[in-house]
Amino acid sequence: MSNFDAVIIGGGVNGMGAAALLAKRGRRVLLLEANEKCGGAIRTEEVTLPGFRHDLFATNLSLFAGGPIMASLKDDLIKYGLEFVPSTKPFCSVFPDGKALGVIQDFSATEANIARIAPEDLEAWRALSAELGVLAPHILPILGNELPSLKAAKALFKSWRALGTSEFLSMIRLLLQSTRAFTSEHFKARETRALAASWGMHLDYGPDIAGGALFAFLESIGGQMFGMVLGKGGADVITKALTGVIKEYGGEIRTSSRVTSIISENGKATGVTLADGQVINAKEIIANINPSLIPTLLGEKERSRAEVLEVTKFQPGLTTMMIHLAMDKLPQWSAKEAREYNYVHIGPYLDDMALTYAEAAAGKLPTSPTLVVGQPTLTDPSRAPEGKHVLWVQVRVLPQGIDWASEGERYADRIIEIIESYAPGTKASILARKVMTPADLESYNANLIGGDSLGGSHHISQFFFLRPTPAWSRHRTPVKNLWICGSGTWPGGGVGGGSGALVASALGAK
Ligand SMILES: Cc1cc2nc3c(=O)[nH]c(=O)nc-3n(C[C@H](O)[C@H](O)[C@H](O)COP(=O)(O)OP(=O)(O)OC[C@H]3O[C@@H](n4cnc5c(N)ncnc54)[C@H](O)[C@@H]3O)c2cc1C
6 MSNFDAVIIG
16 GGVNGMGAAA
26 LLAKRGRRVL
36 LLEANEKCGG
46 AIRTEEVTLP
56 GFRHDLFATN
66 LSLFAGGPIM
76 ASLKDDLIKY
86 GLEFVPSTKP
96 FCSVFPDGKA
106 LGVIQDFSAT
116 EANIARIAPE
126 DLEAWRALSA
136 ELGVLAPHIL
146 PILGNELPSL
156 KAAKALFKSW
166 RALGTSEFLS
176 MIRLLLQSTR
186 AFTSEHFKAR
196 ETRALAASWG
206 MHLDYGPDIA
216 GGALFAFLES
226 IGGQMFGMVL
236 GKGGADVITK
246 ALTGVIKEYG
256 GEIRTSSRVT
266 SIISENGKAT
276 GVTLADGQVI
286 NAKEIIANIN
296 PSLIPTLLGE
306 KERSRAEVLE
316 VTKFQPGLTT
326 MMIHLAMDKL
336 PQWSAKEARE
346 YNYVHIGPYL
356 DDMALTYAEA
366 AAGKLPTSPT
376 LVVGQPTLTD
386 PSRAPEGKHV
396 LWVQVRVLPQ
406 GIDWASEGER
416 YADRIIEIIE
426 SYAPGTKASI
436 LARKVMTPAD
446 LESYNANLIG
456 GDSLGGSHHI
466 SQFFFLRPTP
476 AWSRHRTPVK
486 NLWICGSGTW
496 PGGGVGGGSG
506 ALVASALGAK
């Protein structure tokens, strides 16, 4: 006799989202989280000085704000404290000659920026902005549907009818392009190319990797429409609100509860065992776990099946380092306008990003790492004592397999020197710092293998209907009643919660 309709292993945004949606539909759910608190790659802590609240991992909550969990549970989440703060100046890139090029949530203001720095690209930018309006209704259904599925096939058929063959195939071409191909096709100035290609580096798309164009297109052009949103007081507003919703509808959450095995009988999952030996039975098991780790939780008989073993082919991406700084004042960027943007990208140019990616892929620490410098206290001053600031520095992309115990602090010093070269005086404004190497990321969350912030590479051979692998797509596994969600499954990384919502929907909750 099962005690629960569903046991969810892992309290990331997808596991929590699935739990909340199922609980609201009256299902008896139990969420088991290994850490002492839920959230996974969403966590806010005072890791430098008291009163300085740092988003240790994710900080940009735009995907959640526009995602399916928010759409279904908005009022419930708001009741439990979910509050966003909007940034109307979401991102810019800075360059060594003191220029900056930024996107503002206002078409004419962004166009004025392009006209000033890269006038030769103004027409192309306008054309792409119009193109986003045309393509968004056709791309979004692909991102929001189970893949492969009849529903997605119908949506694609509808798009083909609406767009015509040529425009439809152009959309498919966009999905397959690299950021170099996409940006070279549309832009002439290296600043505009860098502005868009930086977004590929947020996922693991170096400029020459096929498939990077879509995210670069959606983020860079979409920034003018939607800006960016942060969580009021920290990204953990999501976790706190989801906790409230799960409990309100009778769901149970147990933290410090690591699942050590998934029990199965006759090819069917029936329960889990915890690290303390406790056994919990359930009708359905939902694993918010990196797919390649799941065989380690299965018994010998299941683990040795070829279709189960297939998932061990799922590859991690390159890795990420985070540097959290408590600041006396924000960086005084030489490009003064950069002082107003939520994210400042330092590539600087597309060719530098290509070299950075190639070095990291070849196992070498990049000489010119790509940086995302987040300035969240510009829009949310509540994260630091009055007049002070926090800085969120993400180092993209770094190799797997580095001995971070010996390299971490030294490499972080180099990052600070790079920021200093674009914003003299930054070093002197640092009150305290916390370096989180890729190894630290993995020790916080086992899903971030080797410090891969995205729970598995997003290259096209393991994206769309191939995520994580053919026999494990559609959030099903070869083991009956064992479901998977999380960034290692479609629609991939980010705080959108799409895979949790898709699993909940498959189990009867919308
Ligand atoms: C440094 C960094 C910065 C990022 N920045 C952004 C950003 O700004 N915006 C954005 O949209 N995305 C960002 N991302 C990506 C995004 O945060 C993640 O893709 C997303 O949060 C992953 O959610 P998930 O549902 O896959 O679960 P995860 O976050 O992976 O959480 C899974 C949970 O499962 C638990 N768990 C694992 N194994 C077990 C077990 N055996 N038993 C019990 N519990 C277990 C883990 O402890 C963890 O809490 C960032 C990621 C990182 C690492």
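Numbering (the working numbering), first residue to last: 6 to 515. Glycine included, C-beta positions come from ideal geometry on N, C-alpha and C.
In its chain, beyond the 5 residues on either side, 232, 233, 347 and 384 have a beta carbon closer than 6 angstroms to the beta carbon of residue 92.
In terms of Cβ geometry, residue 322 and residue 445 do not form a close pair [threshold 8 angstroms]. Distance from the C-beta of residue 68 to the nearest heavy atom of ligand 1 is below 7 angstroms. Looking at 309, 433, 67 and 89, the one whose alpha-carbon comes closest to that of residue 238 is 89.
Counting along the chain, residue 275 sits inside no alpha helix (DSSP H); it lies in the beta strand (DSSP E) bounded by residues 273-279.
The nearest non-hydrogen atom of ligand 1 is less than 7 angstroms from the C-beta of residue 263.
Around the beta-carbon of residue 139, fewer than 16 other beta-carbon atoms lie within 10 Å, marking it exposed.
By the Cβ-count criterion, residue 424 is buried, with 16 or more other Cβ atoms from all chains shown falling within 10 Å of its own Cβ.
Under the 10 Å beta carbon count, residue 211 is surrounded by 16 or more other beta carbons and is classified as buried. Residue burial is scored here from C-beta neighbours: residue 80 has fewer than 16 other C-beta atoms within 10 angstroms and is therefore classed as exposed. For residue 148, same chain residues with a beta-carbon under 8 angstroms away, outside a window of 5 residues either side, are 496 and 503 in chain order. The Cβ neighbour count for residue 119, taken over all protein chains shown within 10 Å, is at least 16; the residue is labelled buried.
At least one heavy atom of ligand 1 is found less than 7 angstroms from the C-beta of residue 453. The stretch 162-175 and the stretch 193-201 do not touch, with fewer than 3 CB-CB distances between them shorter than 8 angstroms.
Note that the C-beta distance between residue 442 and residue 397 is not below 8 angstroms.
From the listed residues 492, 486 and 479, the smallest Cα separation to residue 152 is found for 479.
Runs of beta strand (DSSP E) with 3 or more residues, each lying fully within the stretch 317-345, are found at 324-332, listed in chain order.
Relative to ligand 1, residue 62 has its C-beta within less than 7 angstroms of a heavy atom. For residue 217 and residue 375, the gap between their C-alpha atoms comes out near 16 angstroms.
When secondary structure is reduced to three states using DSSP, residue 420 falls in the helix class. Residues of the same chain with a CB within less than 7 angstroms of the CB of residue 501, apart from the 5 flanking positions on each side, are 68, 69 and 72 in chain order.
In terms of CA proximity to residue 295, 472 leads the group 9, 180 and 472. For the 8 angstroms CB-CB criterion, residue 165 and residue 316 do not form a contact. Judged by DSSP in its simplified three-state form, residue 488 adopts strand.
The three-state reading of DSSP puts residue 234 in strand, counting E and B together. Ligand 1 never approaches residue 235 closely enough for any of its heavy atoms to be under 7 angstroms from the residue's Cβ. Rounded to whole angstroms, the gap between the alpha carbons of residue 448 and residue 228 is 33 angstroms.
Check the Cα spacing between residue 438 and each of 453, 418 and 430: the tightest is with 418. Counting only residues of its own chain and dropping the five nearest sequence neighbours on each side, residue 268 has a CB closer than 6 angstroms to the CB of 275 and 276. Closest in alpha carbon position to residue 105, among 18, 349, 399 and 413, is 349.
Here residue 112 is exposed: its Cβ has fewer than 16 other Cβ atoms, across all protein chains shown, within 10 Å. According to the DSSP assignment, residue 379 belongs to no alpha helix (DSSP H) but to the beta strand (DSSP E) extending over 375-379.
Nearest Cα to residue 300 within the set 313, 27 and 125: 313. Approximately 5 angstroms separates the beta-carbon atoms of residue 191 and residue 129; this is inside 8 angstroms, confirming the contact. By the Cβ neighbour-count rule, residue 297 is buried, with 16 or more other Cβ atoms within 10 Å of its own.
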